[in-house]
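There are 2 protein chains.
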Amino acid sequence: MADNKKMVEQITSMDVDFAKWYTDIVKKADLIDYSSVKGCMIIRPYGYAIWELMQSILDRRFKELGHENIYMPMFIPESLLNKEKDHVKGFAPEVAWVTHGGEEKLSERLCVRPTSETLFCEHYANIIRSWRDLPKLYNQWCSVVRWEKTTRPFLRSREFLWQEGHTMHATAEEAENETLTMLGVYADFHENDLAIPVIKGRKTESDKFAGAVATYAIEALMHDGKALQAGTSHFFGDGFARAFGIQYADRENKLVYPFQTSWGVTTRMIGGIIMTHGDDSGLVLPPAVAPIQLVIIPVAQHKPGVLEKAREIEAVLRGAGIRVKLDDSDNSAGWKFSEYEMKGVPVRLELGPRDIENGQCVLVTRHNREKTPVSIEGIEKTVPVFLAKVRDGLYERALANREARTYDCTTTDEIISALADHGDGFVRAMWCGDEECEDKVKELTGVGSRCIPLDQEKISDVCVCCGKPAKHMVYWGKAY
Amino acid sequence: MADNKKMVEQITSMDVDFAKWYTDIVKKADLIDYSSVKGCMIIRPYGYAIWELMQSILDRRFKELGHENIYMPMFIPESLLNKEKDHVKGFAPEVAWVTHGGEEKLSERLCVRPTSETLFCEHYANIIRSWRDLPKLYNQWCSVVRWEKTTRPFLRSREFLWQEGHTMHATAEEAENETLTMLGVYADFHENDLAIPVIKGRKTESDKFAGAVATYAIEALMHDGKALQAGTSHFFGDGFARAFGIQYADRENKLVYPFQTSWGVTTRMIGGIIMTHGDDSGLVLPPAVAPIQLVIIPVAQHKPGVLEKAREIEAVLRGAGIRVKLDDSDNSAGWKFSEYEMKGVPVRLELGPRDIENGQCVLVTRHNREKTPVSIEGIEKTVPVFLAKVRDGLYERALANREARTYDCTTTDEIISALADHGDGFVRAMWCGDEECEDKVKELTGVGSRCIPLDQEKISDVCVCCGKPAKHMVYWGKAY
Numbered sequence: 318m319a320d321n322k323k324m325v326e327q328i329t330s331m332d333v334d335f336a337k338w339y340t341d342i343v344k345k346a347d348l349i350d351y352s353s354v355k356g357c358m359i360i361r362p363y364g365y366a367i368w369e370l371m372q373s374i375l376d377r378r379f380k381e382l383g384h385e386n387i388y389m390p391m392f393i394p395e396s397l398l399n400k401e402k403d404h405v406k407g408f409a410p411e412v413a414w415v416t417h418g419g420e421e422k423l424s425e426r427l428c429v430r431p432t433s434e435t436l437f438c439e440h441y442a443n444i445i446r447s448w449r450d451l452p453k454l455y456n457q458w459c460s461v462v463r464w465e466k467t468t469r470p471f472l473r474s475r476e477f478l479w480q481e482g483h484t485m486h487a488t489a490e491e492a493e494n495e496t497l498t499m500l501g502v503y504a505d506f507h508e509n510d511l512a513i514p515v516i517k518g519r520k521t522e523s524d525k526f527a528g529a530v531a532t533y534a535i536e537a538l539m540h541d542g543k544a545l546q547a548g549t550s551h552f553f554g555d556g557f558a559r560a561f562g563i564q565y566a567d568r569e570n571k572l573v574y575p576f577q578t579s580w581g582v583t584t585r586m587i588g589g590i591i592m593t594h595g596d597d598s599g600l601v602l603p604p605a606v607a608p609i610q611l612v613i614i615p616v617a618q619h620k621p622g623v624l625e626k627a628r629e630i631e632a633v634l635r636g637a638g639i640r641v642k643l644d645d646s647d648n649s650a651g652w653k654f655s656e657y658e659m660k661g662v663p664v665r666l667e668l669g670p671r672d673i674e675n676g677q678c679v680l681v682t683r684h685n686r687e688k689t690p691v692s693i694e695g696i697e698k699t700v701p702v703f704l705a706k707v708r709d710g711l712y713e714r715a716l717a718n719r720e721a722r723t724y725d726c727t728t729t730d731e732i733i734s735a736l737a738d739h740g741d742g743f744v745r746a747m748w749c750g751d752e753e754c755e756d757k758v759k760e761l762t763g764v765g766s767r768c769i770p771l772d773q774e775k776i777s778d779v780c781v782c783c784g785k786p787a788k789h790m791v792y793w794g795k796a797y
Numbered sequence: 318m319a320d321n322k323k324m325v326e327q328i329t330s331m332d333v334d335f336a337k338w339y340t341d342i343v344k345k346a347d348l349i350d351y352s353s354v355k356g357c358m359i360i361r362p363y364g365y366a367i368w369e370l371m372q373s374i375l376d377r378r379f380k381e382l383g384h385e386n387i388y389m390p391m392f393i394p395e396s397l398l399n400k401e402k403d404h405v406k407g408f409a410p411e412v413a414w415v416t417h418g419g420e421e422k423l424s425e426r427l428c429v430r431p432t433s434e435t436l437f438c439e440h441y442a443n444i445i446r447s448w449r450d451l452p453k454l455y456n457q458w459c460s461v462v463r464w465e466k467t468t469r470p471f472l473r474s475r476e477f478l479w480q481e482g483h484t485m486h487a488t489a490e491e492a493e494n495e496t497l498t499m500l501g502v503y504a505d506f507h508e509n510d511l512a513i514p515v516i517k518g519r520k521t522e523s524d525k526f527a528g529a530v531a532t533y534a535i536e537a538l539m540h541d542g543k544a545l546q547a548g549t550s551h552f553f554g555d556g557f558a559r560a561f562g563i564q565y566a567d568r569e570n571k572l573v574y575p576f577q578t579s580w581g582v583t584t585r586m587i588g589g590i591i592m593t594h595g596d597d598s599g600l601v602l603p604p605a606v607a608p609i610q611l612v613i614i615p616v617a618q619h620k621p622g623v624l625e626k627a628r629e630i631e632a633v634l635r636g637a638g639i640r641v642k643l644d645d646s647d648n649s650a651g652w653k654f655s656e657y658e659m660k661g662v663p664v665r666l667e668l669g670p671r672d673i674e675n676g677q678c679v680l681v682t683r684h685n686r687e688k689t690p691v692s693i694e695g696i697e698k699t700v701p702v703f704l705a706k707v708r709d710g711l712y713e714r715a716l717a718n719r720e721a722r723t724y725d726c727t728t729t730d731e732i733i734s735a736l737a738d739h740g741d742g743f744v745r746a747m748w749c750g751d752e753e754c755e756d757k758v759k760e761l762t763g764v765g766s767r768c769i770p771l772d773q774e775k776i777s778d779v780c781v782c783c784g785k786p787a788k789h790m791v792y793w794g795k796a797y
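Same order as they appear, the protein sequences are chains L and B. Every letter in the first sequence is one number past the one before it in this note's numbering, and letter 107, counting from 1, is 424. Every letter in the second sequence is one number past the one before it in this note's numbering, and letter 64, counting from 1, is 381.
(1) Go through its chain and collect everything with a Cβ distance to Thr762 (chain B)'s Cβ below 8 Å, but skip five positions before and after it.
(2) Do you know how far the Cα of Glu687 (chain L) is from the Cα of Pro603 (chain L)?
(3) For Gly588 (chain B), which residues in the same chain have their Cβ closer than 6 Å to its Cβ, ignoring the five residues on either side in sequence?
(4) I'd like to know whether the C-beta atoms of Gly364 (chain B) and Arg475 (chain B) end up nearer to each other than 9 Å.
(5) Taking the straight line between their C-alpha atoms, what separation do you get for Pro575 (chain B) and Val415 (chain B)?
(6) Quick one: list the residues of chain L neighbouring Ser353 (chain B), beta-carbon separation under 7 Å, in chain order.
(7) Relative to the C-alpha of Gln372 (chain L), which residue among L:Asp510, L:Leu668, L:Arg640 is closest?
(8) Which first and last residues belong to the alpha helix (DSSP H) in which Glu631 (chain L) is found?
(9) Determine the burial state of Asn386 (chain B): buried for a count of at least 16 other Cβ atoms within 10 Å of its Cβ, exposed for fewer.
(10) Less than 9 Å between the beta carbons of Arg519 (chain L) and Ile769 (chain L), yes or no?
(11) Looking at the structure shown, is Val779 (chain L) part of a helix, part of a strand, or coil, going by DSSP?
(12) Taking the beta carbon of Asn456 (chain B) as the centre, do at least 16 other beta carbons fall within 10 Å, making it buried, or is it exposed?
(13) Would you report the Cα separation of Phe408 (chain B) and Phe437 (chain L), rounded to the nearest angstrom?
(14) With 16 other CB atoms within 10 Å as the buried threshold, where does Gln546 (chain B) fall?
(15) Cutting at 8 Å between CB atoms, please list the residues of its own chain near Leu423 (chain L), excluding the five before and the five after it.
(16) Opposite Ser550 (chain L) in the DSSP bridges: which residues?
(17) The region 648-682 of chain B: which residues have C-beta closer than 8 Å to a C-beta of chain L, in chain order?
(18) How far does the beta strand (DSSP E) with Cys754 (chain B) in it reach, from first residue to last?
(19) Let's test the definition: count the other Cβ atoms within 10 Å of the Cβ of Pro786 (chain B) and tell me whether it reaches 16, buried, or not, exposed.
(20) Between Val601 (chain L) and Gly548 (chain L), is the Cβ-Cβ spacing less than 9 Å?
(21) Please report the Cβ distance between Arg683 (chain B) and Val700 (chain B), rounded to the nearest whole angstrom; I am assuming they are in contact, meaning their Cβ atoms lie under 8 Å.
(22) Could one say the Cβ of Trp479 (chain B) lies closer than 9 Å to chain L's Cβ atoms, at least one of them?
(23) Would you say Gln327 (chain L) faces chain B, with C-beta separation under 9 Å as the test?
(24) Under the assumption that Arg719 (chain L) contacts Pro514 (chain L) (Cβ atoms under 8 Å), give the Cβ distance between them as a whole number of angstroms.
(25) Spatial neighbours of Leu287 (chain B) within its chain, please: CB distance less than 6 Å, with the 5 preceding and 5 following residues excluded, ordered by chain position.
(26) Going by other Cβ atoms of all chains shown within 10 Å of its Cβ, with 16 needed for buried, is Thr496 (chain B) buried or exposed?
(27) Should His417 (chain B) be flagged as near chain L, meaning a C-beta pair shorter than 9 Å?
(28) Taking C-beta to C-beta, are Leu451 (chain B) and Met485 (chain B) nearer than 9 Å?
(29) In angstroms, rounded to a whole number, what distance separates the CA positions of Ser649 (chain L) and Leu666 (chain L)?
(30) Taking all protein chains shown into account, do 16 or more other C-beta atoms lie within 10 angstroms of the C-beta of Val333 (chain L), making it buried, or fewer, making it exposed?
(31) Find the residues of chain B that neighbour Asp350 (chain L), judging by a C-beta separation of less than 9 Å, and give them in chain order.
(32) Using a beta-carbon distance below 9 Å, is Leu771 (chain L) in contact with chain B?
Dropping the structure here:
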């Protein structure tokens with residue numbers, strides 16, 4: 318236990334300095350390393366394995382809904398980026414420009430894609446001719462670059478990994494349905510697989526994606542009461558189609574413009590997991606994306622029969638499709654406890670000579686450290702139950718945190734005192750729809766609009782700011 | 318059949334113009350599209366699905382051998398690229414340079430990675446301390462950029478997708494073993510999964526990777542008699558480790574340098590498939606990487622019971638893990654035959670009312686168009702046999718082509734007349750080991766050294782060029 322204590326002391330407590338606690342975890346849990354490439358990160362094997370699990374779950378869901386993967390060039394010629402006015406205004410200030418190929422100066426600058434709407438539109442203009450070609454449901458897994466000034470691992474970095482779905486539809490209605498369907502996929506993935514409760518909502522006009530008619534997002538509340546935009550889904554109308562001359566012959570053989578969506582989630586989700594579930598002993602991973610779901614730690618492993626039994630259990634669990642690791646290294650059991658707590662392994666299985674005699678072992682769930690002796694017989698059926706318990710426990714705890722930190726307010730003074738009394742969190746308050754009021758709320762209280770939730774509730778009749786009749790209930794908060 | 322004929326005529330015959338035939342196929346089989354980004358390609362869903370299948374097979378093999386995936390930044394600062402002298406000399410002339418982030422000029426240029434040795438070395442210098450940290454067996458799936466002057470889809474493009482393995486070992490022997498093990502994985506993947514016979518060999522000094530001690534490659538012979546380097550594996554010795562200051566404490570606690578490898582295969586493999594197996598009707602895909610392994614084409618599908626039976630068979634085959642597609646569109650059967658021949662689907666299943674009456678259907682194997690009536694009963698066991706037959710048939714045909722086009726020669730005159738009489742192919746001839754002779758053979762005959770095969774045979778005692786005692790038997794050829 319001395320070892321354990323030493324380990325725990327290595328990271329800053331989240332209550333002392335949440336930001337420092339966060340960066341301690343990304344380093345100590347071996348998720349990332351820094352390099353001489355400023356603002357970019359190295360995603361280490363343990364961090365990348367989490368991303369691979371996220372990819373495999375999402376990719377399967379996308380494909381079940383009929384989406385196909387594709388790969389676009391990583392460069393966008395400046396003239397192509399310039400084709401849609403709002404889009405270029407939004408992205409040009411933060412792109413990386415390639416100006417030379419080898420020794421030669423390029424005749425036209427290329428930016429490294431910050432997002433690929435323009436490339437997809439150029440391609441769609443080539444391949445969409447008739448209503449028979451629709452819908453086009455494409456997705457791409459790749460890295461993108463945005464030249465951010467201040468960066469933080471996973472949350473905001475100059476290069477990040479993501480998927481970007483880009484779809485084209487015959488009607489606005491179909492495209493709007495797609496936008497909301499994919500928002501639903503993201504919400505479901507967060508709640509069921511990542512155990513992160515989210516609010517589904519629409520962004521206000523001032524917060525829309527550059528070039529979109531409507532931007533939807535899922536918003537999660539982190540442990541410290543700040544909000545994280547965890548995924549977005551955009552409806553473009555036919556704006557890009559008009560800018561790029563994408564037309565198709567409809568069933569009456571009339572040339573018309575199709576309607577478009579795009580949607581994406583990124584490696585930022587790993588940051589969301591850390592800040593939702595982590596604690597002062599390190600990372601806590603939801604089982605669905607844990608590279609190691611259960612670690613077996615033999616106690617007194619030099620005693621006859623202990624390692625043999627541990628290997629037997631390992632084989633049984635692996636055979637049942639559980640991602641299991643046996644740590645039979647010569648480190649102390651205490652050191653191992655700390656190490657796998659830091660790495661957020663959802664369940665630990667302890668096994669000593671006495672346990673074996675009794676035909677049992679001890680399961681310890683990471684998030685609440687509950688120890689439960691269970692029978693070795695049938696362990697492959699017991700462990701999935703415990704993994705489900707971890708997921709449920711994480712979700713309930715995160716939901717309880719969000720509920721405790723959600724404040725319904727009817728005036729800006731109420732907002733100010735709620736935040737002062739209870740700390741950062743989601744504020745729910747009514748809004749008239751004017752950008753002026755949106756700005757003023759932020760100025761007065763420090764919280765900006767996060768989203769207009771799809772599930773509307775009435776907090777009062779009038780705008781929290783101007784007192785005029787309210788149009789929407791809005792979630793407000795400080796954001797990462 | 319009129320439809321069929323029309324379709325076939327759409328592509329140039331390979332015997333008329335092999336290069337044109339190749340580009341016809343990549344377009345008509347929906348593998349790629351061009352964009353306004355010069356020298357880069359859009360990999361369309363059908364082409365990308367082939368790549369995903371390649372990735373999933375290789376990724377599993379890499380992991381079985383203990384490799385872990387990681388993600389490095391896509392940028393390399395100029396000073397980092399400059400650290401290993403030979404390496405920068407090889408790559409600097411063909412990299413894309415980022416000079417601006419948003420409006421700002423960068424204080425140091427960044428190149429878009431052409432390969433990531435330098436980034437991995439910087440990281441290894443950070444994380445390797447002790448012999449306990451070795452080996453490090455890392456791999457990365459990503460895109461890289463090389464500013465090529467002349468480009469061809471899959472074979473040579475400015476951006477391409479690949480995997481790059483980078484490993485660090487305690488001893489030179491272990492690293493050399495890794496180099497050859499991974500070469501073996503590539504060879505095995507080509508022969509068993511892609512049905513492409515390959516020669517495993519070592520590159521001559523003049524043909525080595527920039528910064529390597531030894532470069533190994535697998536070389537395949539395309540249908541037209543030109544060679545394709547299909548995968549490479551490099552042994553670096555401790556050269557990069559010295560340049561980057563990577564040292565570890567060995568078991569005697571002495572600081573020493575580790576030994577390094579890297580190895581990679583790329584989307585070029587798709588080009589290899591096209592040029593090895595394709596014919597004048599289009600692509601022919603080896604079943605292991607075919608997005609559609611079997612297409613069901615109902616004949617007279619408006620007749621009662623035909624579509625129902627087709628759907629039943631589809632469900633049975635899908636349940637057996639076969640990638641199956643039923644085309645029940647209203648296109649003619651002839652059009653469908655051509656379409657899926659163009660796309661290289663290994664097996665076609667034809668099903669008409671008469672077949673159903675007899676409890677059978679017809680399987681047609683793409684590579685030789687053999688038609689075999691088989692019982693519908695047990696079709697899920699019959700189809701895998703036919704898929705295996707396609708793989709074997711493709712492999713044997715490719716091997717026969719290579720054998721027919723492999724010429725053993727003892728003089729440069731013999732090389733010249735062999736090529737003139739039989740067309741391009743592999744020349745096997747002895748070599749003294751001098752670069753001068755290597756250059757002279759190329760100058761006189763047009764074929765360069767492809768590799769020094771691991772399986773050496775003696776063609777004669779003396780160098781094909783200078784007549785001095787020979788050191789190696791070498792494969793020579795014209796290369797893509």
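Backbone N, C-alpha and C fix where the C-beta goes; we use that ideal spot for every residue, glycine too. In this text, all values refer to a predicted model and were calculated from it rather than measured experimentally.
Working from what's here:
(1) If you number the second sequence from 1, residue 762 (chain B) lands on position 445. Counting only Cβ-Cβ distances below 8 Å, and skipping sequence neighbours, we find Thr729, Ile732, Ile733, Leu736, Val744, Trp793.
(2) Here residue 603 (chain L) refers to the residue found at position 286 when the first sequence is read from its first residue. Here residue 687 (chain L) refers to the residue found at position 370 when the first sequence is read from its first residue. Those two C-alpha atoms are separated by around 16 Å.
(3) Locating residue 588 (chain B) in the second sequence gives position 271, where the first residue counts as 1. So the list reads Phe471, Leu472, once near-sequence residues are dropped.
(4) Taking the second sequence and counting its residues from 1, the one referred to as residue 364 (chain B) is at position 47. Taking the second sequence and counting its residues from 1, the one referred to as residue 475 (chain B) is at position 158. Their beta carbons are not under 9 Å apart, which means Gly364 (chain B) does not touch Arg475 (chain B) by this criterion.
(5) Mapped onto the second sequence, residue 575 (chain B) falls at position 258. Mapped onto the second sequence, residue 415 (chain B) falls at position 98. Those two C-alpha atoms are separated by around 32 Å.
(6) Sequence index remark: in the second sequence, residue 353 (chain B) carries index 36 (1-based). Simply Pro394, Leu397, Glu439.
(7) As a first step, residue 372 (chain L) must be located in the first sequence, where it is residue number 55. For the residues L:Asp510, L:Leu668, L:Arg640, the minimum Cα distance to Gln372 (chain L) belongs to L:Asp510.
(8) The residue you call residue 631 (chain L) lines up with position 314 of the first sequence. Per DSSP, Glu631 (chain L) belongs to the alpha helix (DSSP H) from 623-636.
(9) One-based indexing of the second sequence puts residue 386 (chain B) at position 69. Answer is buried; the Cβ neighbour count reaches 16.
(10) Your numbering for residue 519 (chain L) matches position 202 in the first sequence. Your numbering for residue 769 (chain L) matches position 452 in the first sequence. Yes, the Cβ-Cβ distance between Arg519 (chain L) and Ile769 (chain L) is below 9 Å.
(11) On the first sequence, residue 779 (chain L) is found 462 positions in, with the first residue counted as 1. Strand, per DSSP.
(12) Numbered from 1 along the second sequence, position 139 holds the residue referred to as residue 456 (chain B). The residue in question, Asn456 (chain B), is buried, as its Cβ has 16 or more Cβ neighbours within 10 Å.
(13) As a first step, residue 408 (chain B) is located in the second sequence; it is residue number 91 there, counting from the start. As a first step, residue 437 (chain L) is located in the first sequence; it is residue number 120 there, counting from the start. The alpha-carbon atoms of Phe408 (chain B) and Phe437 (chain L) are separated by roughly 31 Å.
(14) Stepping through the second sequence from its first residue, residue 546 (chain B) is reached at position 229. It is buried - the Cβ of Gln546 (chain B) has at least 16 other Cβ atoms within 10 Å.
(15) Here residue 423 (chain L) refers to the residue found at position 106 when the first sequence is read from its first residue. Excluding positions up to five away in sequence, the list reads Val415, Thr416, His417.
(16) Your numbering for residue 550 (chain L) matches position 233 in the first sequence. Answer is L:Tyr533, L:Trp580.
(17) The residues in question: there are none.
(18) The sequence position of residue 754 (chain B) within the second sequence is 437, counting from 1. Secondary structure note for Cys754 (chain B): it is in no beta strand (DSSP E), and the uninterrupted alpha helix (DSSP H) holding it is 752-762.
(19) If you number the second sequence from 1, residue 786 (chain B) lands on position 469. With fewer than 16 other Cβ atoms within 10 Å, it is exposed.
(20) On the first sequence, position 284 is the one that residue 601 (chain L) refers to. On the first sequence, position 231 is the one that residue 548 (chain L) refers to. Not closer than 9 Å, so no.
(21) Taking the first residue of the second sequence as position 1, residue 683 (chain B) is located at position 366. Taking the first residue of the second sequence as position 1, residue 700 (chain B) is located at position 383. In fact, because the Cβ distance is near 13 Å, the residues do not count as touching under 8 Å.
(22) Position 162 of the second sequence, counted from the start, is the residue given in the question as residue 479 (chain B). Not closer than 9 Å to any Cβ of chain L, the Cβ of Trp479 (chain B) fails to qualify, so no.
(23) For the purposes of this step, residue 327 (chain L) is taken as residue 10 along the first sequence, with counting starting at 1. Output row for Gln327 (chain L): interface = no.
(24) One-based indexing of the first sequence puts residue 719 (chain L) at position 402. One-based indexing of the first sequence puts residue 514 (chain L) at position 197. Sure, about 6 Å apart at Cβ, within 8 Å.
(25) What is shown of chain B runs 318 to 797, which leaves residue 287 (chain B) out entirely.
(26) Stepping through the second sequence from its first residue, residue 496 (chain B) is reached at position 179. Thr496 (chain B) comes out buried.
(27) Looking up residue 417 (chain B) in the second sequence gives position 100. By this cut-off, His417 (chain B) is an interface position.
(28) The count along the second sequence starts at 1 and reaches residue 451 (chain B) at position 134. The count along the second sequence starts at 1 and reaches residue 485 (chain B) at position 168. For the 9 Å CB-CB criterion, Leu451 (chain B) and Met485 (chain B) form a contact.
(29) Translated into the one-based positions of the first sequence, residue 649 (chain L) becomes position 332. Translated into the one-based positions of the first sequence, residue 666 (chain L) becomes position 349. Approximately 15 Å between the Cα atoms of the pair.
(30) If you number the first sequence from 1, residue 333 (chain L) lands on position 16. Answer is exposed; the Cβ neighbour count stays below 16.
(31) Sequence index remark: in the first sequence, residue 350 (chain L) carries index 33 (1-based). Neighbours of Asp350 (chain L) on chain B, chain order: His440, Asn443, Ile444.
(32) In the first sequence, residue 771 (chain L) corresponds to position 454, counting from 1. Leu771 (chain L) has a beta carbon lying at 9 Å or more from every beta carbon in chain B.
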